[in-house]
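Numbering (my numbering), first residue to last: 2 to 401.
C-beta atoms are modelled at their ideal positions from N, C-alpha and C, and glycine is treated no differently.
As the structure is a computational prediction, the values presented were derived from the model and not from experiment.
One structure is given here, and the rest of the page talks about it.
Structure, rendered in structure tokens:
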């Protein structure tokens, strides 16, 4: 690369999103390669490389150490499983256990990139079923016999769910019709639509969860990137299948769907700084409207390497949101409380943060000494939701 440490600068690394990435997801993806070199990404940001992910593990440990020092911040970090081979899980688990990346402040989400068309183009697989098998068969095996994959069995205890990622703005046929091929018959070079991916991932997670409950093991949720761009059918799919979603920007254009998300209290983790560089200017972000209407929204970082400037990316999100939208301390505390409720951390940890009765509805579940959210705000949210639901049920019974 003809570079020395003397020549190297932050600007030269070129990993930060700028005005050129707006509505250009391809240019944003290129930012993952420092100095435009995919080899550097392979060396420093991958778990499966010649050094067995040594440098990436060091970075994770440093991030975990910072979180532990701050005391009041936890993170749900993403690791990728592509579905290219059934060995991926064992390699990832081996890296996690041998590198000792465990931290009380960190839990993991597995993100599944929607890349079947690329795998098919490169003749890595014949049909979509191979991706499903490569992702879920090892998990079913380790659930049936933990001794068959001991490292994976241990690692799964700290995984809370699955995410689905890719550029949502890619053109697709959003319809999921009756005559759509089953995964073993999906041999097209074209990528399956968003709903197809989500349905089969959800269906397999549901089967896996039932199996794991029988064995007394932890279960997983589906929390995809959804509604950042693309057709609104993505949000319908997210509403039907997901525990929570990330982004949800397009709900601002579909009031009926937004109302359904409110009634079902589906969590939405929003990242305004990320959206500002990719899809939607900050002042147009709907987060303050969602919060005011009672949707369960939280502030989240997204690709902090690309979008943030300090070692406190979450503080950047909160401080900028508070300044730009003039959020009150009550609003900020409600966002933080929602974040804890939506998270996949253990029940005991949530009790420590929110109070022993946090699972109860309304004021009974609010411990103001821990959440800092006034009872009157919690009561307002609860009573308004009950009122809306009762109106729906009254109308239903009258029409019936």
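Residue 388 has no beta-bridge partner at all, per DSSP.
With fewer than 16 other CB atoms across the displayed protein chains lying within 10 angstroms of its CB, residue 325 is exposed. Counted as a single uninterrupted DSSP element, the alpha helix (DSSP H) harbouring residue 143 occupies residues 129-145. Contact between residue 90 and residue 153 holds, since their C-beta atoms are separated by about 5 Å, short of 8 Å. For residue 114, there is no enclosing alpha helix (DSSP H); the enclosing beta strand (DSSP E) covers residues 107-114. In the displayed model, residue 76 falls within a strand according to three-state DSSP.
Residue 54 holds the alpha-carbon nearest to the alpha-carbon of residue 99 among 139, 54, 136. Within the same chain, 299, 300 come within 6 Å of residue 336 by CB-CB distance, once the 5 residues on both sides are set aside.
Distance from the CA atom of residue 141 to the CA atom of residue 161, rounded to whole angstroms, is 16 Å.
Under DSSP, residue 370 forms no beta bridge with any residue. Secondary structure of residue 267 (DSSP, three-state): coil. For residue 317 and residue 112, the gap between their C-alpha atoms comes out near 24 Å.
Between residue 221 and the set 72, 159, 62, the nearest pair of CA atoms involves 159. The beta carbon of residue 373 lies closer than 7 Å to those of 334 in the same chain, with the five residues before and after it left out.
Linking residue 361 to residue 262 through their CA atoms gives a straight-line distance of about 20 Å. The three-state secondary structure of residue 363, taken from DSSP, is helix. For residue 353 and residue 184, the gap between their C-alpha atoms comes out near 44 Å. The closest CA to that of residue 198, considering only 132, 267, 42, is found on 132.
Residue 146 is classed as exposed because its beta carbon has fewer than 16 other beta carbons within 10 Å across all chains shown. Considering only 144, 130, 77, 251, the residue with the shortest C-alpha distance to residue 193 is 130. Nearest Cα to residue 308 within the set 188, 23, 244: 23. When Cβ pairs closer than 8 Å are counted between the two stretches, the segment 74-82 is seen to touch the segment 101-120, the count reaching three or more. Under the three-state reduction of DSSP, residue 393 is assigned to helix.
About 24 Å separates the beta carbons of residue 268 and residue 282, which is beyond the 8 Å limit, so they are not a contact pair. When the beta-carbon positions are compared, residue 58 and residue 107 stay at least 7 Å from each other.
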